[in-house]
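The opening residue of the sequence shown carries number 179 in our numbering; numbering runs sequentially from there.
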Amino acid sequence: MKPIERLNIYLQFKKISPHCFEKKIILSNGYFAKQLRNLGSVGSDILIKIHDHYKDVNILWVLTGEGSMIQEQTDECLMAMQVDEFTAKYETENKKLKTLEVDVEKLNTVLKDKEKIISLYEFMLNNTGRPNTVADFV
Numbered sequence: 179m180k181p182i183e184r185l186n187i188y189l190q191f192k193k194i195s196p197h198c199f200e201k202k203i204i205l206s207n208g209y210f211a212k213q214l215r216n217l218g219s220v221g222s223d224i225l226i227k228i229h230d231h232y233k234d235v236n237i238l239w240v241l242t243g244e245g246s247m248i249q250e251q252t253d254e255c256l257m258a259m260q261v262d263e264f265t266a267k268y269e270t271e272n273k274k275l276k277t278l279e280v281d282v283e284k285l286n287t288v289l290k291d292k293e294k295i296i297s298l299y300e301f302m303l304n305n306t307g308r309p310n311t312v313a314d315f316v
């Protein structure tokens, strides 16, 4: 089986039309169909374009038929994805935490004000006479 035939298998598997494929990797209209019909070769420049635009296809499989058609993600790729995911979650949670810290600060201020008001009411209840100065309220 030739590389052009394996490429056709990949396109059928991914449900990619030859026209979309040609457009994406910038080939002339009908190029792929003509190459497939004549069992032509796939040049290195086209293989590079395929590799750049279709990251999941295993280029070694296209060339030789060895290995699997779909390239498995490398450990580095998986780790990078996990790091990105963790970073996004960390940033989101950090923003939430900062918002909560601001809210707690506001609530503490309100609580202190309410405690002052309660102290004032207690003073007014316990004192039969009126206070002489503002300092008597505090």
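Note that CB positions come from ideal geometry on N, CA and C, so glycine has one too. Only a predicted model underlies this, so the values are computations on that prediction, with no experimental measurement involved.
Quiz prompt | Cβ neighbour criterion (16 or more within 10 Å) applied to F264 | solution = exposed
Quiz item: Would the segment 184-203 and the segment 234-251 be scored as touching if the rule is three or more Cβ pairs under 8 Å?
Solution: Here the segment 184-203 makes contact with the segment 234-251; the two share three or more CB pairs at distances below 8 Å.
Quiz item: Around the Cβ of F199, are there at least 16 other Cβ atoms within 10 angstroms (buried) or fewer (exposed)?
Solution: buried
Exercise. Could you please give me the residues that DSSP links to I248 through a beta bridge?
Key: V235
Exercise. Check the C-beta distance from Q213 over to V235 and give it rounded, since I have them as a contact under 8 Å.
Key: Under the criterion of beta carbons closer than 8 Å, Q213 and V235 do not qualify as touching, at roughly 16 Å.
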